[in-house]
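Per full-length UniProt numbering, numbering through the sequence shown is continuous, rising by one, with the last residue being 421.
Positions of the beta carbon are idealized from the N, C-alpha and C atoms, including for glycine.
Here's the structure we're looking at; comments come further down.
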Amino acid sequence: MSFPGFGGGGIGGLCLAVALSKYPDIQVDLYEAAERFKEIGAGVMIWERTWKILSLLGMASDFSRIAHAPPDGSLGVGFDYRKSDQPMEGFRFYLFQLPYGCICFHRAHFLDVLVEHLPDGVANFGKRLISYSRNGPHNSVVLQFADGATAACDILVGCDGIKSTVRKQLLEEKARDGHPELLGLIDPMVGKPNDSDTYDGALFTYKSMCYHSDGLSSIVARTSYSISRGSVVNVVALVSQPEKRGHPFTDPWVVECTTSEVLDCYAGWEPEVEELLKHMKNPMRWAIHELRPLPLYVANNIALLGDAAHAMAPHQGAGAGQAIEDAFVLAHLLGDPTTSRSDIPVALLAYQYIRLPLASHVQKESYMSGMMYEFSVELAVEDNARRRIGEGERLYASNLFCAKTMQIVKLVANNSIIHFN
């Protein structure tokens with residue numbers, strides 16, 4: 001029996017808790033700093049691969065109920081790419097389609113489904129982790145919380161987001177690599193009920209649009225669902241400030257702004273964009289941060305997961321899916337019946353071996369996608385542009401990761417893994 005503990009009750013932490021609950025010999029404790037589970041932001045986008053993980057975890061029917069449309073495997077739109085920075089009507093330059101398309105949810109409802117599947121007694125609220133030590137009995141990890149309380153666990157998994165306390169301590173002398181870094185983007189976000197105004201909401205329902213410019217801004221508009229299907233359009237309007245990338249950012253990460261401020265950023269764009277933006281209600285301006293790809297995700301019996309390991313730009317809609325993949329892989333490795341306490345470091349190395357290369361690749365491609373959305377990179381030929389834009393088709397639809405994961409699990413079970421490059 002093992003006793004994992006992890007900090008952070010976001011999508012990654014909850015998914016890991018749900019996945020580990022499938023193994024009755026594993027006792028899980030989840031520590032959340034807030035007094036309840038909550039998520040910031042309006043929408044969550046996932047792709048086929050992530051959907052199949054949720055299905056394997058027995059949650060497909062509940063997530064189907066809250067999706068923008070029940071995922072059935074038919075060909076759907078990933079993104080509809082459009083050049084829009086001109087006063088006349090813009091034009092589509094690429095339609096990205098794949099099985100399932102992009103599957104969209106209201107973020108709060110997505111979190112609610114995970115909470116519904118969380119076993120009783122797992123969550124501990126009001127527990128902000130401030131440090132840990134490895135001096136507990138049987139090499140266990142001792143957690144120190146801001147309220148003075150302590151707890152012990154066999155494994156600590158840092159699911160505590162981009163400002164991760166676990167990451168800062170884990171990396172120690174490599175701490176500079178683990179600090180959040182300003183990406184140089186300002187992101188006004190909003191969820192807008194279709195029925196509260198007199199504009200043609202049908203323009204945007206069931207679309208996943210990317211509006212682009214030959215400059216320093218882009219817009220991602222996708223339908224998300226709140227009280228009823230089609231009731232919310234989630235808009236991510238991005239304005240780049242590349243000169244600020246990599247510099248310390250001391251201002252608040254999230255502040256209120258006005259609809260007129262957003263409109264000013266997109267003056268002279270096509271009518272469809274203006275129509276979309278002018279109906280934004282109470283937009284918030286976010287400073288988008290990312291992590292540099294880390295050299296490691298684990299050390300002994302400590303591991304990082306989700307944004308704590310690989311916070312990334314939003315341009316591929318991949319952050320939530322990557323956290324869920326982390327959780328799925330880690331749960332399979334820890335839940336293998338041959339994984340004992342003494343095998344934990346090897347199981348965590350297997351997790352790192354599987355997840356670090358792929359997640360680092362997604363980080364880089366997400367950033368490059370943002371550059372392409374603004375036509376800020378030179379692409380030698382059109383085919384190369386299409387290859388990069390279509391990266392998601394291979395990345396998110398491929399099932400190879402499932403086979404590789406199970407192969408690694410079997411190697412661990414047979415004690416066949418000696419070291420990792």
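In three-state terms, what does DSSP make of residue i?
{"i": "S131", "result": "strand"}
{"i": "E48", "result": "helix"}
{"i": "L296", "result": "coil"}
{"i": "E243", "result": "helix"}
{"i": "P4", "result": "strand"}
{"i": "L143", "result": "strand"}
{"i": "S398", "result": "With a pLDDT of 46 at S398, under the threshold of 50, the predicted position of this residue should be treated as unreliable, and no value is reported."}
{"i": "T339", "result": "coil"}
{"i": "L14", "result": "helix"}
{"i": "H289", "result": "strand"}
{"i": "L114", "result": "helix"}
{"i": "L75", "result": "strand"}
{"i": "V381", "result": "Low per-residue confidence applies at V381: pLDDT is 42, beneath 50, and the placement is therefore not dependable, though the value from the model is reported in the following sentence. It is coil, neither helix nor strand."}
{"i": "L54", "result": "helix"}
{"i": "residue 424", "result": "No statement about residue 424 is possible, as the shown extent of the chain runs from 1 to 421 and does not include it."}
{"i": "H315", "result": "coil"}
{"i": "A331", "result": "helix"}
{"i": "A69", "result": "coil"}
{"i": "A309", "result": "helix"}
{"i": "A413", "result": "Residue confidence is low: A413 scores 46 on pLDDT, short of 50, so the model does not pin down where it sits. No coordinate-derived value is stated."}
Can you pull the DSSP bridge partners for residue i?
{"i": "E32", "result": "F125"}
{"i": "H106", "result": "G43"}
{"i": "L304", "result": "G158"}
{"i": "C153", "result": "V141"}
{"i": "I324", "result": "Looking at the DSSP assignment, I324 forms no beta bridge with any residue, so it has no partner."}
{"i": "E261", "result": "According to DSSP, which records beta bridges pairwise, E261 is partnered with nothing at all."}
{"i": "V255", "result": "R285"}
Report buried or exposed for residue i, applying the criterion of at least 16 other Cβ atoms within 10 angstroms of its Cβ.
{"i": "F91", "result": "exposed"}
{"i": "K364", "result": "exposed"}
{"i": "E89", "result": "exposed"}
{"i": "G12", "result": "buried"}
{"i": "H247", "result": "exposed"}
{"i": "G73", "result": "exposed"}
{"i": "L349", "result": "buried"}
{"i": "M189", "result": "With a pLDDT of only 49 at M189, under 50, the local geometry of the prediction cannot be trusted, and no value is derived from it."}
{"i": "R65", "result": "exposed"}
{"i": "F125", "result": "exposed"}
{"i": "K38", "result": "exposed"}
{"i": "A34", "result": "exposed"}
{"i": "H138", "result": "exposed"}
{"i": "K52", "result": "buried"}
{"i": "D343", "result": "buried"}
{"i": "K127", "result": "buried"}
{"i": "D120", "result": "exposed"}
{"i": "V157", "result": "buried"}
{"i": "N234", "result": "buried"}
{"i": "E270", "result": "buried"}
{"i": "T150", "result": "exposed"}
{"i": "R36", "result": "exposed"}
{"i": "G58", "result": "exposed"}
{"i": "T338", "result": "exposed"}
{"i": "D147", "result": "exposed"}
Between which two residues does the alpha helix (DSSP H) holding residue i run?
{"i": "residue 424", "result": "There is no way to answer for residue 424, as the model of the chain reaches only from 1 to 421."}
{"i": "Q169", "result": "165 to 171"}
{"i": "residue 428", "result": "Since the first and last residues shown for the chain are 1 and 421, residue 428 lies out of range."}
{"i": "I26", "result": "Neither: I26 is in no alpha helix (DSSP H) and is coded neither H nor E."}
{"i": "A60", "result": "60 to 66"}
Could you give the residue range of the beta strand (DSSP E) that holds residue i?
{"i": "L95", "result": "91 to 99"}
For chain B, is any of its Cβ atoms less than 8 Å away from the one on residue i?
{"i": "L305", "result": "The structure shown contains no chain B; it is built from a single protein chain."}
Compute every distance between the C-beta of residue i and the non-hydrogen atoms of the ligand SAH, then say whether any falls below 7 Å.
{"i": "V28", "result": "With respect to the ligand SAH, the structure shown offers nothing to examine, as it has no ligands at all."}
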